[in-house]
Amino acid sequence: WYNDSIRNVGGYSLECIDYSNLAEGKNNWRASIASEGGTPCALNSVMAINPDVTPPQLYYIEVPDAKTIRLCFSESMDSLTATLHENYTTGLGINNINIGELYTRVTVELTEPLEAEKIYEISISGLTDFAGNAIPDTAIRIGLPQLASEGDIVINEILFNPYVGGTDFVELFNRSSKCFDLSQIKIANRNETDLSLKDPDSASPLPWLFFPGDYAVITTNPNQVTQFYSCQNPSSFIKTSRLAAFNNDKGYVVLLNSENEVIDELRYTEKMHNKLLNDFKGVSLERINPSMPTNQSSTWQSAAQAAGFATPTYRNSQYSELSGEKSNFSLTPETFSPDGDGRDDYLLISYQLPEPGYVANIRVFNANGIEIYRLANNMTLGTSGQLRWDGTDTKNRRVNSGIYIVYFEYFNLSGEVKREKKTCVVGYR
Numbered sequence: 001w002y003n004d005s006i007r008n009v010g011g012y013s014l015e016c017i018d019y020s021n022l023a024e025g026k027n028n029w030r031a032s033i034a035s036e037g038g039t040p041c042a043l044n045s046v047m048a049i050n051p052d053v054t055p056p057q058l059y060y061i062e063v064p065d066a067k068t069i070r071l072c073f074s075e076s077m078d079s080l081t082a083t084l085h086e087n088y089t090t091g092l093g094i095n096n097i098n099i100g101e102l103y104t105r106v107t108v109e110l111t112e113p114l115e116a117e118k119i120y121e122i123s124i125s126g127l128t129d130f131a132g133n134a135i136p137d138t139a140i141r142i143g144l145p146q147l148a149s150e151g152d153i154v155i156n157e158i159l160f161n162p163y164v165g166g167t168d169f170v171e172l173f174n175r176s177s178k179c180f181d182l183s184q185i186k187i188a189n190r191n192e193t194d195l196s197l198k199d200p201d202s203a204s205p206l207p208w209l210f211f212p213g214d215y216a217v218i219t220t221n222p223n224q225v226t227q228f229y230s231c232q233n234p235s236s237f238i239k240t241s242r243l244a245a246f247n248n249d250k251g252y253v254v255l256l257n258s259e260n261e262v263i264d265e266l267r268y269t270e271k272m273h274n275k276l277l278n279d280f281k282g283v284s285l286e287r288i289n290p291s292m293p294t295n296q297s298s299t300w301q302s303a304a305q306a307a308g309f310a311t312p313t314y315r316n317s318q319y320s321e322l323s324g325e326k327s328n329f330s331l332t333p334e335t336f337s338p339d340g341d342g343r344d345d346y347l348l349i350s351y352q353l354p355e356p357g358y359v360a361n362i363r364v365f366n367a368n369g370i371e372i373y374r375l376a377n378n379m380t381l382g383t384s385g386q387l388r389w390d391g392t393d394t395k396n397r398r399v400n401s402g403i404y405i406v407y408f409e410y411f412n413l414s415g416e417v418k419r420e421k422k423t424c425v426v427g428y429r
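Heads up: the sequence shown begins at 1 in my numbering, then just goes up one per residue.
So this is what it looks like as structure tokens:
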């Protein structure tokens, strides 16, 4: 809080700048400039008008259990606005709202529990800090974090030989239908001699909700990544104080869940790079498809030069559909208008399955990843058939124009689970 390399060695007190802005924290304190080193029983030497004009920000969200949501803010919040039920919308009902001792953490106790594998939205508005600065109206995705199993989260891209001035990164992809807390996921490597785990550390130092289809890029310095590569989704970066050391020629990347079970593991080597490259420095290895085996060399390819040799925070430049990969579902038409004019008023979902006995969950998400409608919930399907979506949400309201994702998850009694995603467009004339 001193912000003074000379005075912070000792002999000087910290003084408050503006007595009316005590909630501002370190931005309202400074090293004394008095010749005596302090001003006990006198006006502070640094006294000045220093109003708080900065709106608070939502720092992170934690979901410790199915009926509790914890919001952490960047500064102390006004307790009256922070505990007012009307300032929160969850769709699940609110039983109680508490604020922590430092007024930076707000705990929302829900009336109804969160369901696993379902994405919700909490909207907040009208919240202010002590100075009356309001947080912008915000809608945030939430979900109930699950224990990650093998293959739920996969290593999607790795930079282990960065440019001079750059740094390593590991990109993760959530290929499941579950939500996870990345503070409960560890990244490690292995000793080459006995293959024991080495340097395990949390993927995120703070709670971080990781939703289906999302990317997360773990690095010690996001700025040292963005200075070399295009990053389409900067909010997907997670800055960690420690990341397992990755050798420039070969090594291991290991993902562990909270029970220290391995959920994905890659043994990489620079020989996996494109042989036509003259230099591998600054070139990431990309996974061609999340469904391919992690430790199959054909799963990996050097990031394309046209993409800048790495694609942190978005789909890999070398992504490709699996050879022979066939969709069992189709959407007709791709663009429909549920306006009741008798023309393309609904989305027709046709399916053709290889055998009977499949059970399906079919959900519709908006472009922000929020589930807005559930077409099927553990529905037993025939070998072929059709379903229909009329363009309404769970509250029977007509949805807005935009892109929507139809997510299919279907399984049989043999334990075979398949997942597909299709996109459609709602457009009104």
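By construction, the Cβ of each residue, glycine as well, lies at the ideal position given by its N, Cα and C atoms.
Nearest to residue i by CA position, among the options, is which residue?
i    : options                : result
N368 : Y120, N21, E265, D344  : Y120
S32  : N3, L58, Y60           : N3
T392 : Q386, F336, R343, N378 : F336
Q386 : L375, I122, N396       : L375
I405 : I362, G165, L92, L277  : I362
L331 : P290, K421, S414       : K421
N377 : F73, Y60, E117         : E117
P222 : K67, G166, T380        : G166
D279 : E416, M292, Y268, D249 : D249
P55  : K67, S74, M47, G37     : S74
I142 : L353, L127, G132, S123 : S123
T193 : Q296, I153, D152, G251 : G251
N98  : T423, L84, V425        : L84
V253 : L195, V9, V46          : L195
V154 : G382, P356, T294       : T294
G357 : P333, N366, T383, I370 : T383
C424 : G402, G93, Q232        : G402
T66  : Y59, G93, V53          : Looking at the sequence itself, residue 66 is Ala, so the reference to Thr does not match. With distances taken between Cα atoms, A66 lies closest to G93.
R175 : N191, R398, G213, L209 : G213
K26  : D52, F210, N133, A34   : D52
E334 : T380, L209, V426, A306 : V426
E15  : M47, V399, I6          : M47
Taking 6 Å as the limit between beta carbons, can you name the residues of its chain near residue i, skipping five residues before and five after?
i    : result
N50  : I17, D18, N21, N28
V217 : F169, E171, S236, F237, P312, T313
S204 : L182, S183, I238
N95  : E109, T111
N8   : Y2
T89  : S123
E265 : V254
Which same chain residues, not among the five before or five after residue i, have their C-beta less than 7 Å away from its C-beta?
i    : result
L159 : D168, F169, S284, A310
S76  : A23, L102, Y103, T104, D129, F130
S323 : Low local confidence applies: a pLDDT of 47 at S323 is under 50, so the model's placement there is unreliable, with the coordinate-based value given in what follows. Nothing meets the Cβ criterion.
G37  : G11, Y12, S13
D199 : A188, N189, A244, A245
S414 : none
I370 : I119, E121, R141
Y59  : C72, F73, S74
N191 : K198
S297 : M272
Y319 : I288, N289
When every heavy atom of the ligand ZN is checked, does at least one fall within less than 8 Å of the C-beta of residue i?
i    : result
N133 : Absent from the structure shown: the ligand ZN. Ligands present: none.
So residue i packs on residue j, CB below 8 Å; how close in whole Å?
i    : j    : result
P359 : F408 : It is Val, not Pro, that sits at residue 359 in the sequence shown. At roughly 12 Å, the Cβ-Cβ gap does not stay under 8 Å, so V359 and F408 are not in contact.
D137 : S125 : 4 Å
A82  : V106 : 5 Å
L147 : L114 : About 15 Å; that fails the 8 Å criterion.
Y428 : D339 : 6 Å
R419 : S177 : 7 Å
E355 : P207 : Their Cβ separation, rounded to whole angstroms, is 42 Å, which puts E355 and P207 out of contact at 8 Å.
G308 : Y229 : 5 Å
I135 : Q57  : 7 Å
L209 : C179 : 6 Å
To which residues of the same chain is residue i closer than 8 Å at the C-beta, ignoring the five residues directly before and after it?
i    : result
P64  : R70
W389 : Y346, L347, I349, V364, Y373, L375, V406
N156 : E171, L172, F173, Y215, E286, R287, P290, N316
T68  : T107, V108, E109, L110
D201 : K186, I187, A188, T240, R242, L243, A244
G91  : Y120, E121
F211 : I119, R141, G143, N174, C179, G369
Using a Cβ cut-off of 9 Å (strictly closer), state whether residue i contacts chain C.
i    : result
D152 : The chain inventory of the structure shown lacks chain C, comprising one protein chain alone.
contact_flag[the region 270 to 278, the region 298 to 316] where n(CB pairs < 8 Å) is 3 or more: yes
At least three beta-carbon pairs within less than 8 Å, the region 347 to 355 to the region 245 to 261: no
Complete runs of the beta strand (DSSP E) confined to the region 316 to 381 [at least 3 residues]: 329 to 332, 347 to 352, 359 to 366, 371 to 380
Segments assigned alpha helix (DSSP H), at least 4 residues, entirely inside the region 166 to 223: none
Ranges of the alpha helix (DSSP H) found wholly within the region 64 to 134, counting only runs of at least 4: 79 to 82
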